[in-house]
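Asks:
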Amino acid sequence: MNIIISKNIRTIREMKNLSREYMADELGMTASGYGKIERGEIELTINKISNIAAIFEISISDLLFFEISSFFNNSRDKRLGINSNLNSLKTKTVH
25 MNIIISKNIR TIREMKNLSR EYMADELGMT ASGYGKIERG EIELTINKIS NIAAIFEISI
85 SDLLFFEISS FFNNSRDKRL GINSNLNSLK TKTVH
């Protein structure tokens, strides 16, 4: 399971356009140490997983069970909700 978590961490970091150096700094570790996390070479503690999730501004569950399709579906749902709210405001403004 550690390799899956490591892949999730790398994928999310790349999607959020964060550098390895930034992640290492935020976690108080070296860039090479952080690289070991993404390669699945070290065991992650729940504390470290929690810190990584906080940096990504996601839940631990989202980090552990990340699916790229759900990320895009959530983004689409949010856009649809925003568009609906904007349309509602336009209607109220016109009347």
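Going by my numbering, the sequence shown opens with residue 25, and the numbers climb by one from there.
In this text, a Cβ means the ideal position worked out from N, Cα and C, and glycines have one as well.
The model shown is predicted, which means the values in this text are computed figures rather than measured ones.
Quick check on phenylalanine 80: does DSSP put it in helix, strand or coil?
Replies: helix
Asks: Pick helix, strand or coil for arginine 63, following the three-state DSSP scheme.
Replies: coil
Asks: Expressed to the nearest angstrom, what Euclidean distance is found between the alpha-carbon atoms of glutamate 38 and threonine 69?
Replies: Roughly 22 Å between the two C-alpha positions.
Asks: What distance in whole Å lies between the Cβ atoms of isoleucine 76 and leucine 87, which are believed to be in contact at a cut-off of 8 Å?
Replies: 6 Å
Asks: Could you tell me whether the Cβ atoms of serine 30 and glycine 64 are closer together than 7 Å?
Replies: yes
Asks: Using C-beta distances below 7 Å, list every residue in its chain close to methionine 15, excluding the 5 sequence neighbours before and after it, in chain order.
Replies: The structure shown has nothing for residue 15, since the chain only spans 25 to 119.
Asks: Anyone know if the C-beta pair for isoleucine 84 and isoleucine 73 falls short of 7 Å?
Replies: Yes; because the gap between Cβ atoms is below 7 Å, this pair is in contact.
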